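S.K.: Take a look at the following structure, please.
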Amino acid sequence: MIIRARFTKRNYLKYLSHLDLIRLFQRSFTAIKLPIKYSQGFNPHPKFSIAAPLSLGIESECEYMDIEITEYVKVDDFLESINKVLPDDIQITNALCLEKETSISAILTWAFYEIKFELNSKEEPKSLSSRIDEWLGSSEIILTRLKKKGKKKVATDINILPLIGNVIVKGCDENNYIVINTLLKTGQNGNIKPVQLMEAMSRDLDLNLDLDSLLIKRLALYAEEGKNIYSPL
8 MIIRARFTKR NYLKYLSHLD LIRLFQRSFT AIKLPIKYSQ GFNPHPKFSI AAPLSLGIES
68 ECEYMDIEIT EYVKVDDFLE SINKVLPDDI QITNALCLEK ETSISAILTW AFYEIKFELN
128 SKEEPKSLSS RIDEWLGSSE IILTRLKKKG KKKVATDINI LPLIGNVIVK GCDENNYIVI
188 NTLLKTGQNG NIKPVQLMEA MSRDLDLNLD LDSLLIKRLA LYAEEGKNIY SPL
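Okay, structure coming up:
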């Protein structure tokens, strides 16, 4: 039996590392005496997994984890108790108690992001939107990635176009940052990070973006069946 939970990671806690996030949840499970299942061996540890871990510095409204438990737990009781011991910016927003299913990490295929950035030019959002649409109509978009082969890193060219579901220019925010939404592949059958998308876009559209100043928030994660995508919770 598992608890499948959706949680947030907001504000300054976007700089909490994945390892520290795991430790935070481990301590929280212990604090509320959750009947969590432990691994076997000399160094038992709680059996739970966080799907599609975020890169450091990215906020999220929609992260997922599966927690293996030894007995049924009332979801309302779990939500009330766990959120009392978690920080305000990391909260469980929904959960279900399920029989053993395919892991959440295995079924997620798409991630939906909001990205904000500042342009050095005075280009209007409508003009940028047209240029992005034309760019996405290319036959391929090549990005060079470094991959480990033994002790060496080898540069590999990858066509990232099939990994991009869409890019929609929403307009400008109150700080005059361009706001876009984008649907990107994630998971075992292909993965692209939002920073990689923006790197390729900045290069090909001559945007000259400061990639370190991007404001990125993950809004949703989706599974896929046929041509339909759906929320796993």
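Take the sequence shown: its letters are residues 8 to 240, numbered as in my numbering.
Cβ atoms here follow ideal geometry from the backbone N, Cα and C, with glycine treated the same way.
None of these values were measured; they are calculated from a predicted model.
(1) Just verifying my parser: in three-state terms, what is the DSSP assignment at K158?
(2) Among the residues of its own chain, which have a CB less than 8 Å from the CB of I111, if the five just before and after it don't count?
(3) Which term fits V174, buried or exposed, when burial requires 16 or more other beta carbons within 10 angstroms of its beta carbon?
(4) Nearest to L103 by alpha carbon, out of M8, E206 and D213?
(5) Determine whether the beta carbon atoms of I99 and I89 lie at a separation below 7 Å.
(6) So what does DSSP say about I39, is it helix, strand or coil?
(7) Determine, using beta carbons only, whether L190 and F119 come nearer to each other than 7 Å.
(8) Shortest alpha-carbon distance to S145 belongs to which of I167, H25 and I43?
(9) Which two residues bound the contiguous alpha helix (DSSP H) that contains I139?
(10) Return helix, strand or coil for P53, following the three-state DSSP convention.
(11) Can you give me the Cβ contacts of S62 inside the same chain, cut-off strictly under 8 Å, excluding the 5 residues immediately before and after it?
(12) Do you know offhand how far L221's Cα is from M205's?
(13) Among L170, D217 and N183, which residue has its Cα nearest to the Cα of Q195?
(14) Using the Cβ count rule (16 or more neighbours within 10 Å means buried), how would you classify T116?
(15) Let me know the alpha helix (DSSP H) ranges lying completely inside the region 154 to 200, each 4 residues or longer, listed in chain order.
(16) At what residues does the beta strand (DSSP E) containing D73 begin and finish?
(17) If I'm right that I65 touches K224 with Cβ under 8 Å, what's the distance once you round it to whole angstroms?
(18) How long is the line joining the alpha carbons of L23 and P53, rounded to whole angstroms?
(19) Take A207 and list the residues in its own chain whose beta-carbon comes closer than 7 Å to its own, dropping the five residues that flank it on each side.
M.R.: To lay it out plainly:
(1) Within the sequence shown, the letter at position 151 stands for residue 158. Here K158 sits in coil by DSSP.
(2) Position 104 of the sequence shown holds residue 111. Answer for I111: R11, S56, A58, Y71, M72, D73 and P239, listed in chain order.
(3) On the sequence shown, residue 174 is found 167 positions in, with the first residue counted as 1. By the neighbour-count rule (16 or more Cβ atoms within 10 Å), V174 is buried.
(4) Here residue 103 is taken as the residue at index 96 of the sequence shown, counted from 1. Measuring from the Cα of L103, the nearest candidate turns out to be M8.
(5) Here residue 99 refers to the residue found at position 92 when the sequence shown is read from its first residue. Here residue 89 refers to the residue found at position 82 when the sequence shown is read from its first residue. Taking 7 Å as the Cβ cut-off, I99 and I89 qualify as a contacting pair.
(6) Translated into the one-based positions of the sequence shown, residue 39 becomes position 32. Looking at I39 - three-state DSSP - the assignment turns out to be coil, as it is neither helix nor strand.
(7) Counted from its first residue, the sequence shown places residue 190 at position 183. Counted from its first residue, the sequence shown places residue 119 at position 112. Yes, Cβ-Cβ distance for L190 and F119 is below 7 Å.
(8) As a position in the sequence shown, residue 145 is number 138, starting the count at 1. The candidate whose alpha carbon is nearest that of S145 is I167.
(9) Start at 1 with the first residue of the sequence shown, and residue 139 comes out as number 132. From DSSP, the alpha helix (DSSP H) with I139 extends over P132 to L143.
(10) Looking up residue 53 in the sequence shown gives position 46. Three-state result, P53: strand.
(11) For the purposes of this step, residue 62 is identified with residue 55 of the sequence shown, where counting begins at 1. Here the set comprises K200 and V202.
(12) As a working mapping, residue 221 is identified with position 214 in the sequence shown. As a working mapping, residue 205 is identified with position 198 in the sequence shown. Their Cα atoms are separated by approximately 9 Å.
(13) Against the sequence shown, residue 195 aligns to sequence position 188. With distances taken between Cα atoms, Q195 lies closest to L170.
(14) Taking the first residue of the sequence shown as 1, we reach residue 116 at position 109. That one is buried.
(15) none
(16) Locating residue 73 in the sequence shown gives position 66, counting from the first residue. Segment E66 to E75, the beta strand (DSSP E) holding D73.
(17) For the purposes of this step, residue 65 is taken as the residue at position 58 of the sequence shown. For the purposes of this step, residue 224 is taken as the residue at position 217 of the sequence shown. With a Cβ gap of about 7 Å, I65 and K224 count as contacting.
(18) Locating residue 23 in the sequence shown gives position 16, counting from the first residue. Locating residue 53 in the sequence shown gives position 46, counting from the first residue. Going from the Cα of L23 to the Cα of P53 covers about 20 Å.
(19) The residue given as residue 207 occupies position 200 in the sequence shown. Around A207: I148, L150 and I167.
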